[in-house]
Amino acid sequence: MSRTGWLLWTYRLLLSLYPRAFRSQWGAEMEATFAEAVAAVHGGPALLRLVGREFLSLPLLALRSHLQPGCPGCLGKPSCEPGWETPVRLPEQLAVAGLLSLPGLGVLIGMPVSRLLPLLGGILLLLLLAGLWLGFPRWSLPVMGLSLSTFSFIYLLQGFTSQSVPPVFSVWVGSVSDPGQELVVEAFWAGLLWFSLFALAALGLGVLALVGRFRQLLDRLRRDWTLGSYLLYCAGMLMLLLANIQAPSQPVHALLINLGLVAGAWSYLRSQGRLTRVASLLAGLTVASGAVIAGEWQLDGLRNLAARLTLSGLTETQMLFLQRTALDWAWLVLFILAPAVLRWLPLRSFVRLGDG
Amino acid sequence: MSSTTAIQAQLPLTEVTYLILLSLAPGARHGYAIMKDVEFMSQGRVVLSTGTLYGALPRLLEAGWIEPADDPQAGETGRVRKLYALTNLGQQVLVAEVERLGDLVAAARRRVFGRGAGQG
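This is the structure we're talking about:
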C-alpha cells in the first residue's frame, strides 16, 4: 500500500470513532477532503504537520460529537431528540458497560459472593428505584436484567427452585440410572434454572403492565422485541457468572466471562438492525461460554490440549462440565430468542388491563 | 423578536464560524477550498482540520446560514464534491458580525491612536 493509502486507511480508522449517524452523512466527504489535502501538500514537514493535526484532532472531536446534545448528524429531521430508535450515545454505552462489569470486578478483587450479592443488590436497588421513578428509560434495562438475576440467584440459593418442582419430576430424576438419560436430567435442571429467570422477568413485566406509567416501556418492548432479549441477556449475565465461578482462584476467568458478556451488550447498543443486535447478544454469550470452558480446562493445565479440543481426551468430569456449559448456553440462546416468538402473542389485551 | 434582534442574539461568532462564513462570502466553495481560504485569510494563524471544519458545517447548515450548492465542475472532473454557499440569513449574520468587529476596532483606534489616547 502506498503512503497515501496508509494515511487514508488510518484516517478512515479514526473516523470510525464518530457516531454512526454522523459518519453516514459526513464520512465520505471528510475522507475526500483529507485525501485532497494530502495530495496538495508538498514536502515532508508539511505532510507531517497536516497528518499530526488531523490524527490528533479527530479522536477528540469524535468524542465531542458523541457528547453533543441531540442526534449527531441527523440534521434537518423534525425530531432529533434521542429516543429508543436513535443510536445509543457513548456516555450511555459507557455507563451500561461499567454497570455490567461490576460482578466480574467484584470477583476479580476477591470479594466473596456473600458480600458481592448484597453490594450489587444495593446498587441495583437504587438504580431500579431511579428507573421506576423515570418510567424505565432504555438505560435501565440492564439494571432490570441484573436485578432479576440477583433475585433469581438468591431464589436458587434458598433451594426454592428444587422445592417448586412437581414431585413427579423429582421422582423421575431420582430414578434415572441410564448414563444416556443423565444428559436429559442435566438439561432439565439447567432449563429449570433459566426458566425460573425467564418466568421472573415475565412476571415482572406483567406487574408493570398493570401500571399505566410503564405503558411506554411495554410499547417499546412490543415495537422492538430485541429489547426483551437484551433484558434477559443482562439477567442471565450474573447467573452465568456466579454459577460458573467455583473457586476464588478464577478471578481472571470471571473477568473474561464478564467482559465477553459486556462486549455483547455493548455491541447490542451500537448495532442498528435487529438481527445484528441479537447476533451481538448471541456472540457475547458464546464468547463468555467459551471463557467458562477455557477457565475450567486451564485449571487442569494445558496438557493434551489437542485431545481436549477434539473432545477425545476429556475425563468424565470434564465432559460433564462441557455438557453443562453447552446446555446453559443453549437454554440462554432459547430464552434470548423467545421474545421474537412471544411478540406474536396477543399481549395487547393484557396490557389494556392496566388502563387507569 | 425582530430579525435584527434575532441576528444580534447570535453574535459574537466564534473565530472558526466567522472565518468559514467569510470564506463563503465571494461564492460557493467545497470543503478543502474553505480550509485553504481560511488559512490564507488568517495568514497561517488559523488552520482548520477536517474534523473542525466538518464539526462546524453541520451546525451552520442546521442554523440555515449556509446551504449546499451545485458543483459546476462536477461533470468535467467526474468527482462529486459538495459545495456550500451562504444563505441570505448567513449573509446577514456575517454582515452583522463584521459591523460589530468594525465598531470594536474603531473604538480601539480612537482610544489608542486618536482623541483620548493616554487618558485613563
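If you read the protein sequences in the order shown, they are chains A and B.
Under the working numbering, the residue at position 225 of the first sequence is numbered 347, and the numbers go up by one with no gaps.
Under the working numbering, the residue at position 73 of the second sequence is numbered 1262, and the numbers go up by one with no gaps.
From the three backbone atoms N, C-alpha and C, an ideal C-beta is built for every residue, glycine too.
Discussion item. Please return the same chain residues whose Cβ sits closer than 6 Å to the Cβ of residue 358 of chain A, not counting the five positions on each side in sequence.
Written reply: 454
Worksheet item: Where are the alpha helix (DSSP H) runs, 4 residues long or more, that stay fully inside the stretch 1242-1302 of chain B, in chain order?
Response: 1263-1266, 1277-1301
Worksheet item: Can the beta-carbon of residue 443 of chain A be found less than 8 Å from the beta-carbon of residue 354 of chain A?
Response: No; because the gap between Cβ atoms is not below 8 Å, this pair is not in contact.
Worksheet item: Under 8 Å, do residue 1272 of chain B and residue 1254 of chain B count as touching if we go by C-beta distance?
Response: Going by C-beta atoms, residue 1272 of chain B is not nearer than 8 Å to residue 1254 of chain B.
Worksheet item: Does the beta-carbon distance from residue 169 of chain A to residue 153 of chain A come in below 8 Å?
Response: No, the pair does not count as a contact, with Cβ atoms beyond the cut-off.
Item to complete: Mind listing the chain B neighbours of residue 170 of chain A? Cutoff is C-beta to C-beta under 7 Å, in chain order.
Response: Near residue 170 of chain A there are no residues of chain B at all, since even the closest Cβ is about 13 Å away, more than 7 Å.
Discussion item. Considering only the alpha carbon of each residue, which of A/398, A/397, A/384, A/314 lies closest to residue 406 of chain A?
Written reply: A/384
Discussion item. Assuming the contact rule is C-beta atoms closer than 8 Å, residue 349 of chain A and residue 340 of chain A should be a hit. Round their C-beta distance to whole Å, please.
Written reply: Actually they are not in contact, since the Cβ atoms of residue 349 of chain A and residue 340 of chain A sit about 10 Å apart, beyond 8 Å.
Worksheet item: Could you give the residue range of the alpha helix (DSSP H) that holds residue 1197 of chain B?
Response: 1192-1199 is the span of the alpha helix (DSSP H), which, as asked, contains residue 1197 of chain B.
Worksheet item: Of the residues B/1298, B/1213, B/1303, which one's Cα is nearest the Cα of residue 1277 of chain B?
Response: B/1213
Worksheet item: Taking the alpha-carbon positions, what's the residue 207 of chain A to residue 400 of chain A distance?
Response: Only weak support exists for where residue 207 of chain A lies, its pLDDT of 48 falling under 50; the coordinates are left without a value.
Item to complete: Output, in sequence order along the chain, the residues in the stretch 1227-1259 of chain B whose CB is closer than 7 Å to any CB in chain A.
Response: 1236, 1238, 1239, 1240, 1241, 1243, 1244, 1247, 1250, 1251
Practice prompt. Give the DSSP-derived three-state secondary structure of residue 1218 of chain B in the structure shown.
Written response: strand
Worksheet item: What residue from B/1232, B/1218, B/1195, B/1204 has the CA that sits closest to residue 1343 of chain B's CA?
Response: The question about residue 1343 of chain B has no answer here: the residues shown for chain B are numbered 1190 through 1309.
Item to complete: At 7 Å on the CB atoms, spell out the chain A contacts of residue 1279 of chain B, in chain order.
Response: Within chain A, no residue comes near residue 1279 of chain B; the closest Cβ sits about 15 Å away, beyond 7 Å.
Item to complete: Measure the Cβ-Cβ separation of residue 183 of chain A and residue 1203 of chain B and say whether it is below 8 Å.
Response: no
Worksheet item: At a CB-CB cut-off below 8 Å, which residues of chain A make contact with residue 1303 of chain B?
Response: Going along chain A, no residue has its Cβ under 8 Å from residue 1303 of chain B, so there is no contact; the nearest lies around 40 Å.
Worksheet item: Quick one: Cα of residue 332 of chain A to Cα of residue 133 of chain A, how far?
Response: Rounded to the nearest angstrom, the two C-alpha atoms are 52 Å apart.
Worksheet item: How long is the line joining the alpha carbons of residue 409 of chain A and residue 176 of chain A, rounded to whole angstroms?
Response: Roughly 36 Å between the two C-alpha positions.
Discussion item. Using only the alpha-carbon positions, how far apart do residue 1247 of chain B and residue 131 of chain A sit?
Written reply: 24 Å
Practice prompt. Could you list which residues in chain A have their beta carbon closer than 7 Å to that of residue 1220 of chain B, in chain order?
Written response: 151, 155
Worksheet item: What number of angstroms, rounded off, separates the C-alpha of residue 191 of chain A from the C-alpha of residue 1300 of chain B?
Response: Note on residue 191 of chain A: pLDDT 49, under 50, position unreliable in the model; no value is reported.
Worksheet item: CA-CA distance, residue 325 of chain A and residue 248 of chain A?
Response: 21 Å
Practice prompt. Measure the CB-CB distance between residue 1286 of chain B and residue 1215 of chain B and report whether it falls below 8 Å.
Written response: No, Cβ-Cβ distance for residue 1286 of chain B and residue 1215 of chain B is not below 8 Å.
Item to complete: Please name the residue, chosen from A/441, A/388, A/446, A/346, that lies closest to residue 462 of chain A on a Cα-to-Cα basis.
Response: A/346
Discussion item. If you follow the alpha helix (DSSP H) that residue 332 of chain A is in, where does it begin and where does it stop?
Written reply: Run containing residue 332 of chain A: none; DSSP gives neither H nor E here.
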